[in-house]
Amino acid sequence: MHKALLIIDVQQDFCPGGSLAVNEGDKVISGLNRIMTAFPVRVATRDWHPANHVSFAENHSGKAVYDMVEIDTIQQVLWPVHCAAGTTGADFHPDLDNTRLNLVLNKGTSPRLDSYSAFFENDHKTSTGLDGYFKGLGINTLVIGGLATDYCVFYTVMDALKLRYQVYLLEDCIRGVDVPKNNVQTRMEEMKRAGAIITTSRDFT
8 MHKALLIIDV QQDFCPGGSL AVNEGDKVIS GLNRIMTAFP VRVATRDWHP
58 ANHVSFAENH SGKAVYDMVE IDTIQQVLWP VHCAAGTTGA DFHPDLDNTR
108 LNLVLNKGTS PRLDSYSAFF ENDHKTSTGL DGYFKGLGIN TLVIGGLATD
158 YCVFYTVMDA LKLRYQVYLL EDCIRGVDVP KNNVQTRMEE MKRAGAIITT
208 SRDFT
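Residue numbers (this note's numbering): 8 to 212.
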């Protein structure tokens, strides 16, 4: 047991029809479902925000979606209300086979601190506990897919590499918001330079 599949935020609000829909976000699902049985450990994350979350533009007077603000010295992008805890939008997409998951990790649960990465809150020091979970199981290799390429997938990949995991990124099982424009391309290049191995789900079928 040395490898795990890590699925990032395949939730209804990030898929077509959701409040923060990623273009073709639902297209990541079939590949992820197909390879689940190839892994002894399968983990999925989900944003699980309180109603007063720092990332929601409507909680900042005079600010608009995609504005940047500084909260407690942390730069924060403002988003539409999304993945509010307990709402339909926060649920996994119904096509994702979540019956095979070993662990569901809720993140972004603190009102004043967002969490893009599956490993750390956006202060880059508050752990989610996921590293300890993987290390306790002897996991040293992560295969990662989900949403969105240029935010939660990116920060998860970069933290995983810093934590000395070997990281495979499933190019056919990720989609991005591309905010600001060309952000997806920039982030993909950064992940490659940092050591992520770009592959597809076909290599794990």
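No residue lacks a Cβ here, since even glycine has one placed at the ideal position from N, Cα and C.
Would you please state the rounded distance, in angstroms, between the beta carbons of residue i and residue j? I believe it to be under 8 Å.
i, j, result
"residue 182", "residue 155", "6 Å"
"residue 130", "residue 81", "6 Å"
"residue 53", "residue 97", "6 Å"
"residue 41", "residue 212", "6 Å"
"residue 61", "residue 119", "5 Å"
"residue 86", "residue 12", "Between residue 12 and residue 86 the Cβ distance is about 26 Å, and since that is not below 8 Å, they are no contact."
From this set, the options, which residue's C-alpha is nearest residue i's C-alpha?
i, options, result
"residue 150", "157, 168, 139, 136", "168"
"residue 58", "117, 98, 50, 22", "117"
"residue 18", "44, 101, 165, 71", "101"
"residue 90", "176, 105, 16, 200", "16"
"residue 74", "187, 174, 133, 112", "187"
"residue 216", "194, 199, 193", "Lying before the first or after the last residue shown, residue 216 is absent from the chain, which here runs from 8 to 212."
"residue 177", "207, 193, 136", "207"
"residue 171", "205, 159, 144, 138", "138"
"residue 161", "143, 132, 123", "123"
"residue 165", "94, 135, 194", "194"
"residue 179", "201, 159, 152", "152"
"residue 9", "142, 209, 210, 159", "142"
"residue 51", "132, 113, 62, 32", "113"
"residue 104", "43, 64, 95", "43"
"residue 55", "93, 201, 205", "93"
"residue 2", "209, 163, 145", "As shown, the chain starts at 8 and ends at 212. That puts residue 2 outside it, with no answer to give."
"residue 146", "31, 63, 47", "47"
"residue 111", "132, 95, 136", "136"
Can you tell me where the alpha helix (DSSP H) with residue i in it begins and where it stops?
i, result
"residue 164", "161 to 169"
"residue 39", "36 to 42"
Using the three-state DSSP reduction, which class does residue i fall into: helix, strand or coil?
i, result
"residue 113", "strand"
"residue 153", "strand"
"residue 70", "coil"
"residue 172", "coil"
"residue 125", "coil"
"residue 186", "coil"
"residue 137", "helix"
"residue 97", "helix"
"residue 104", "coil"
"residue 92", "coil"
"residue 130", "coil"
Would you tell me roughly how many angstroms separate the C-alpha atoms of residue i and residue j, rounded to the nearest one?
i, j, result
"residue 107", "residue 88", "29 Å"
"residue 190", "residue 38", "24 Å"
"residue 69", "residue 157", "26 Å"
"residue 45", "residue 115", "29 Å"
"residue 196", "residue 185", "14 Å"
"residue 22", "residue 109", "23 Å"
"residue 99", "residue 35", "13 Å"
"residue 126", "residue 144", "16 Å"
Which residues bound the beta strand (DSSP E) around residue i?
i, result
"residue 76", "75 to 78"
"residue 81", "81 to 84"
"residue 49", "48 to 54"
"residue 207", "First-last for residue 207: undefined, no H or E at that position."
"residue 120", "Residue 120 -> no beta strand (DSSP E), and no H or E assigned at all."
"residue 13", "10 to 15"
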